[in-house]
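In what follows, a single structure is set out as structure tokens and then discussed.
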Amino acid sequence: MSIVTFANLSQYETGQTMMAAAVACYLGIEHNYKTLLLTTDFNDKTLENCFWNGYQKERFTNILSRGTNIGNDSGMEGLLRTFNSNHASGQAIASYAKPVLKDHLDLIPAAKTKDFKEFLNMSNLFSQICTVGMTYYDVIIVDLYRNLPEELKKKIMDMSMLTLVGIRQNYGSIKEYDDLRKNNPYFATNKMGCYMSRYDNNSKFSQKNVERFLGSKTSPYIVNYNTLFADRASEGGILDYILQARTLTNEDSPDFQFFKTLKETSERIDKTRRDVEFRRI
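Letter by letter, the sequence shown follows residues 781 to 1061 in the working numbering.
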């Protein structure tokens, strides 16, 4: 019953979508949560292509998913009709989502429309999906489109138990985030944090140094940059990759290090989720 939002408020790419997809996979695999991955992008199949792009092995489709429904009338358009007819429910959302990992990870892909005005008219649907989806899913991961109207972005962030803002591993980006926190108290609350999804262990802007620079007791959430992960994500093989990486034992392997940082970040998110849920009881 928790919402975690990944956001990028700058003009530069931060690996936001890959980070959201990786964390959603981890939570679905390791904790068996009912997890919903929701993209709010316009005319962008990046998230969908992480799981289906003619690459996913048939054995994973058969064993782990209920079927991809690639050709069916699923997703935003079907959900829009459902909400407009006042038949919305958590189960209805699940029926229009594309299952990735049987009973544990569903994806709602981007709307099919290529008309930006039509997309904006549909965009109120995102917060409604989150509200209703919490009655069915344990965790909702939102990949927040930076060009959504500000009031809609804030509405989703207000609903989220944690919003992570992407920063790059350089001084300019870190300073920009620090200024944002100092000039806008909203981003200095304990519901806000930052992530570095293309983390390089050799950079002087390490996790600890960024923490010291920001004067924060909470370190940035990090996931190591990994070329193979990026390649597999572009080919629809992200689930396959993570399932294999979690079995590795060679600590010198870049894939082992990638999964290690993914695990640490995902477990930190889950601990926050559990703490918030405990306080609600």
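Every residue, glycine too, gets a C-beta built ideally from N, C-alpha and C.
Between which residues of its own chain and residue i is the CB-CB distance below 7 Å, once the five residues before and five after are set aside?
i: D980; result: Q949, Y1005
i: S938; result: Reading off the sequence, residue 938 comes out as Asp, not Ser. Excluding sequence neighbours, D938 sits near nothing in its chain.
i: L928; result: T820, S903
i: Q987; result: S999, P1000, I1002
i: T794; result: N788, G946, I947, R948, S977
Going by the DSSP bridge assignment, what does residue i pair with across the sheet?
i: I888; result: L818
i: M798; result: The partner list for M798 (beta bridge, DSSP) is empty, contrary to what the question assumes.
i: Y979; result: N1004
i: S782; result: V919
i: P879; result: D886
i: G973; result: L944
i: A787; result: V945
If you compare alpha carbons, which of the options is closest to residue i?
i: I947; options: C830, S1033, P1000, K814; result: P1000
i: K894; options: N788, I954, D824; result: D824
i: Y792; options: L816, Y957, V784, I888; result: Y957
i: E828; options: T862, G1017, K955; result: G1017
i: S977; options: M941, Y916, A801, K897; result: A801
i: S1014; options: M798, E1047, Y813, E930; result: M798
i: N866; options: I909, T826, K892, E898; result: I909
i: G870; options: F1009, M914, L900; result: M914
i: F863; options: V912, E1047, F1009, N970; result: V912
i: F1009; options: Y813, V880, Q1037; result: Q1037
i: P1034; options: Q987, A968, T1007, L1019; result: T1007
i: D883; options: F896, R1048, S996, Y813; result: Y813
So, at 6 Å on beta carbons, what are the nonlocal neighbours of residue i in its own chain, with the 5 sequence-adjacent residues on each side left out?
i: S907; result: K935, I936
i: S953; result: I947
i: E991; result: S999
i: G858; result: Y876
i: V1056; result: M941
i: S782; result: V919, M941, R1053
i: F1039; result: A1025, R1026
Run through DSSP, which three-state label would residue i get?
i: F985; result: coil
i: T1007; result: helix
i: G855; result: coil
i: T943; result: strand
i: K997; result: coil
i: T826; result: helix
i: M914; result: coil
i: P1034; result: helix
i: K894; result: coil
i: L928; result: coil
i: A1025; result: helix
i: G1016; result: coil
i: A872; result: helix
i: S903; result: coil
i: Y806; result: helix
i: E956; result: helix
Check whether the Cβ of residue i lies closer than 9 Å to any Cβ atom in chain D.
i: Q949; result: Reference to chain D is not applicable here, since this structure consists of a single protein chain.
Grab me the residues of residue i's own chain with a C-beta within less than 8 Å of its C-beta, minus the 5 sequence neighbours each way, in chain order.
i: L860; result: M902, L905
i: Y951; result: F985
i: A877; result: L816, S854, G855, D886, L887, I888
i: A787; result: Q796, L924, R926, K933, M937, T943, L944, V945, G946
i: T1045; result: V803, Y975, Y1001, I1002, V1003
Using 9 Å as the threshold, is the C-beta distance between residue i and residue j below it?
i: L960; j: L789; result: yes
i: Y975; j: I1002; result: yes
i: H811; j: D1050; result: yes
i: V803; j: L1028; result: no
i: L1023; j: I809; result: yes
i: T820; j: A890; result: yes
i: Y806; j: I873; result: no
i: L818; j: I921; result: yes
Closer than 8 Å: is that where the CB of residue i sits relative to any heavy atom of the ligand GDP?
i: K935; result: The model on display carries no ligand, and the ligand GDP is accordingly not part of it.
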